[in-house]
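Positions in the sequence shown are counted from 1; adding 4 to them yields this note's numbering. The beta carbon of each residue, even a glycine, is placed where N, CA and C say it ideally should be. As structure tokens, the structure follows; a few thoughts come after it.
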Amino acid sequence: MGIVHPPIRVLFLCTGNSCRSQMAEGLLRHWSIGLLEVASAGTNPKPIHPLAIRCLAEAGIDISGQSSKSVERFQGERIDYLITVCDLAKDSCPVFPGATKTLHWSLHDPALAQGSDEDKMKAFRQVREDLQHRIEEFLGRLFDDILQQAEQMEKSSSLSQ
């Protein structure tokens, strides 16, 4: 029997934990089909924006049960990937000594959109599309890394036999 590793943990971080990081959490959780532990947090958490919930519902993903969390809740925990999704969070990001990799995705804040309800939804949809592309790339690289590590482990074990 092979070595059992704990699931890979991904934390999305922004300032309010109300739009971008919540949407990213919902998308990655949905697409990773339970293979990853996914969470989001904010440096100054606010309630989830209703248009973020509506925007992901259009894509068949329900984030209405998610809640905003403070980044302090995750201090001292093992985080394999810390992904900041706004420039302010990147600049004020607390140190996570256990974070294996830190990524930054600079995304426009859709909550700042002006105009009609439809104009605001367009801003949320654009962020959703940006996140979808970035998460697809992230998952591709992540699974490539996992396969590469598995091959290295296999080579190491065959050399030691």
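Annotated three-state conformation of Cys18 is strand, per DSSP.
The closest CA to that of Leu17, considering only Asp84, Phe142, Val75, is found on Val75. When rounded, the separation of the alpha-carbon atoms in Ser161 and Leu151 is 15 angstroms. Only residues of its own chain outside the window of five on either side were considered, and among them Gly46, Asn48, Pro49, Lys50, Ser72, Ala115 have a CB closer than 8 angstroms to the CB of Gly20, listed in chain order. Residue environment analysis places Phe147 among the exposed positions, since fewer than 16 neighbouring C-beta atoms fall within 10 angstroms of its C-beta. At a Cβ-Cβ threshold of 8 angstroms, Met27 and Ala61 do not count as neighbours.
The closest CA to that of Arg132, considering only Leu86, Glu29, Ser36, is found on Glu29. Per DSSP, Leu40 is not a residue of any alpha helix (DSSP H); the beta strand (DSSP E) it occupies stretches across 40–46. In this structure, the alpha-carbon of Ser110 lies about 24 angstroms from that of Asp66. Leu111 carries a coil assignment under DSSP once its states are collapsed to helix, strand and coil.
With respect to the C-alpha of Ile12, the residue from Gly38, His108, Val89, Lys159 having the closest C-alpha is Gly38.
Bridge partners of Lys105 according to DSSP: Tyr85. Rounded to whole angstroms, the gap between the alpha carbons of Lys124 and Arg24 is 14 angstroms.
Burial check for Thr88: the Cβ neighbour count within 10 Å reaches 16 or more, so the residue is buried. In terms of Cβ geometry, Ile83 and Leu15 form a close pair [threshold 8 angstroms].
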